[in-house]
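Chemist:
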Amino acid sequence: MSQLTKTEYKILDCLFFIESLENIFEEVHEQKNVIKDTLKTLIDRDLVASYQFSEAKKNYERTFMYDSDNLENYYYCITGQGLALHAKGSSEDE
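According to our numbering, numbering within the sequence shown proceeds without interruption in unit steps and concludes at 94.
Printed below as a string of structure tokens:
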């Protein structure tokens, strides 16, 4: 598996717990469109999972499909695979 870019690393770094897109925007200091595109890539690589909040169960449930045009409707968390890659650091680390 390839190394992470600095932006990918920053996004994964703030997803140890389930977070909203708005929280990711606040923590990762990049343009919103860059964050959205990078988040989609991380999901496609199975490094991040998407979740929706279930009012009935009062809990987050993993979604295996998501609407990439409406990322703000979901929550995100790093996967085990993402944790393993995050532990190796970014490709731009010195």
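Backbone N, C-alpha and C define an ideal beta-carbon position, used for all residues, glycine too.
With DSSP collapsed to three states, give me the class of Thr41.
Modeler: It is helical.
Chemist: Helix, strand or coil for Leu15, going by three-state DSSP, please let me know.
Modeler: coil
Chemist: Given a threshold of 16 other Cβ atoms within 10 Å of its Cβ, counted over all protein chains shown, does Lys10 qualify as buried or as exposed?
Modeler: Classification for Lys10: buried.
Chemist: Along the chain, which unbroken stretches of the alpha helix (DSSP H) at least 4 residues long are found entirely within the stretch 66-93?
Modeler: 80-88
Chemist: Since Leu71 and Leu39 should fall inside the 8 Å C-beta cutoff, what is the C-beta to C-beta distance between them, to a whole number of angstroms?
Modeler: 7 Å
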